[in-house]
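Per the UniProt record's numbering, residue 1 is the first one in the sequence shown, and the count goes up by one each step.
The structure under discussion appears below in the form of structure tokens.
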Amino acid sequence: MIPLHNACSFGHVDVVHLLLSAGSDPNAEDCWNYTPLHEAAIKGKVEVCILLLQAKANPHARNLDGKTPVDLAEGSARLALVGEYRKDELLEAARSGNEEKLINLLTPQNVNCHAGDGRKSTPLHLAAGYNRTKIVKILLKNGADVIAKDKGGLIPLHNACSYGHLDVCELLISAGYGSAQVHAADLWQYTPLHEAASKSRAEVCFLLLAYGANPTQPNCHGKSALDLVPNNDLRQRLLFEYRAVPQQLRILDLYNRFLSSQCF
Numbered sequence: 001m002i003p004l005h006n007a008c009s010f011g012h013v014d015v016v017h018l019l020l021s022a023g024s025d026p027n028a029e030d031c032w033n034y035t036p037l038h039e040a041a042i043k044g045k046v047e048v049c050i051l052l053l054q055a056k057a058n059p060h061a062r063n064l065d066g067k068t069p070v071d072l073a074e075g076s077a078r079l080a081l082v083g084e085y086r087k088d089e090l091l092e093a094a095r096s097g098n099e100e101k102l103i104n105l106l107t108p109q110n111v112n113c114h115a116g117d118g119r120k121s122t123p124l125h126l127a128a129g130y131n132r133t134k135i136v137k138i139l140l141k142n143g144a145d146v147i148a149k150d151k152g153g154l155i156p157l158h159n160a161c162s163y164g165h166l167d168v169c170e171l172l173i174s175a176g177y178g179s180a181q182v183h184a185a186d187l188w189q190y191t192p193l194h195e196a197a198s199k200s201r202a203e204v205c206f207l208l209l210a211y212g213a214n215p216t217q218p219n220c221h222g223k224s225a226l227d228l229v230p231n232n233d234l235r236q237r238l239l240f241e242y243r244a245v246p247q248q249l250r251i252l253d254l255y256n257r258f259l260s261s262q263c264f
């Protein structure tokens, strides 16, 4: 055993934090292949479990008996290991912009959790919809899925576009899967551009067009983003911007979308 095993077994949160900060290995094994997370899980030390998970401890590591920390944990400790511990508080922190609470609760196991009711939103859906730019950055840094879908098939970019949160839109698109995000369609075949155009979010519309969005793509009702624009002036501006995109870029975008859809 290393000192971290002992600190975790007894639930000494401050000591665990110090040891991890000093480079102690959260996945170190003793002679029986018990990791520090095994120790914390068995003893029900929830706060320690969260610290270890944040340090990339493996909740599925097996000891010599073939047992994982998840197998050995009960109650709140087990909930923490599977990403369900205080999930509603995490989601509310993302929605309200409570950075301290979010950072204290966030782990790789819950960063992409879904709400149990309503739209089944993830933390990133909520942060994007409520324009919580700092929260979005924290979530993206910790592995939030930009193409996660809620109950209606919307991804976080749909939410940000609907409310016109330009900075959040830029963060999401630049985080990866840019083309997949821009062309994502919900259960009613609404794209992020449908959302932005129908609400007259001009700057967001232009951003989406710059990333290859197609304003003529129909939704399930046969309506394009251009059809949904409330005023003719913006409609004409969007059409002008769309036509200004070089044909070569459209072809390249279609080719990239084709490649991303193939299984290798």
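Glycine included, C-beta positions come from ideal geometry on N, C-alpha and C.
Quick caveat, the model's predicted, so the values are computed rather than measured.
Would you please state the rounded distance, in angstroms, between the beta carbons of residue i and residue j? I believe it to be under 8 Å.
| i | j | result |
| --- | --- | --- |
| HIS211 | VAL168 | Here the sequence assigns Tyr to residue 211, which means His is not the residue at that position. Not quite, the Cβ-Cβ distance comes to about 14 Å (not below 8 Å), so this is no contact. |
| ALA225 | ALA197 | 4 Å |
| PRO123 | LEU91 | 6 Å |
| LEU209 | GLU241 | 5 Å |
| LEU52 | LEU64 | The pair is not a contact, with the Cβ atoms about 20 Å apart (cut-off 8 Å). |
| ASP30 | HIS5 | 6 Å |
Do residue i and residue j have their C-beta atoms within less than 8 Å of each other?
| i | j | result |
| --- | --- | --- |
| HIS46 | ALA93 | It should be pointed out that residue 46 corresponds to Val in this sequence rather than to His. Taking 8 Å as the Cβ cut-off, VAL46 and ALA93 do not qualify as a contacting pair. |
| GLY83 | ASN110 | yes |
| ALA41 | ALA7 | no |
| ILE138 | LEU79 | no |
| GLY97 | ARG119 | no |
| residue 267 | LEU207 | Any answer about residue 267 is impossible in this case: the structure gives the chain only from 1 up to 264. |
| LEU154 | ASP186 | yes |
| GLY23 | LYS43 | no |
Suppose you measure from the CA of residue i to the CA of residue j; what does that come to, to the nearest Å?
| i | j | result |
| --- | --- | --- |
| PHE264 | ALA175 | Below a pLDDT of 50, predicted positions are generally treated as unreliable, and PHE264, at 43, falls in that range; the measurement from the model is reported next regardless. The straight-line gap from Cα to Cα measures roughly 23 Å. |
| HIS158 | PRO3 | 47 Å |
| TYR163 | TYR130 | 8 Å |
| PRO156 | LEU166 | 13 Å |
| GLN54 | TRP32 | 24 Å |
| GLU195 | LEU140 | 22 Å |
| LEU106 | ASP233 | 45 Å |
| VAL13 | SER21 | 12 Å |
| THR191 | ASN27 | 42 Å |
| THR68 | LEU19 | 22 Å |
| ALA128 | ARG243 | 29 Å |
| HIS17 | SER121 | 31 Å |
| VAL70 | ARG62 | 10 Å |
| LYS223 | ASP88 | 36 Å |
| GLY75 | THR216 | 52 Å |
Looking at C-alpha atoms only, which residue of the options is the closest neighbour of residue i?
| i | options | result |
| --- | --- | --- |
| VAL204 | ALA185, GLN189 and LEU172 | LEU172 |
| LYS199 | SER9, ALA184, GLN189 and ALA160 | ALA160 |
| ASP117 | GLY222, VAL48, ASP150 and CYS8 | ASP150 |
| LEU126 | GLY66, PRO36, ALA148 and PRO26 | ALA148 |
| GLU99 | LYS120, TRP32, ILE135 and SER21 | ILE135 |
| GLY152 | ALA55, TRP188, THR122 and ASN131 | TRP188 |
| CYS113 | THR133, GLY178 and LEU81 | LEU81 |
| PRO108 | SER121, LEU154, CYS49 and CYS220 | CYS49 |
| TYR177 | THR191, ALA202, ASP145 and ASP186 | ASP145 |
| ALA202 | ARG235, THR68 and HIS17 | ARG235 |
| ARG86 | ALA115, ALA61 and ASP71 | ALA115 |
| GLY143 | GLY66, VAL15 and LYS56 | LYS56 |
| ASN214 | ALA184, GLU39 and THR35 | ALA184 |
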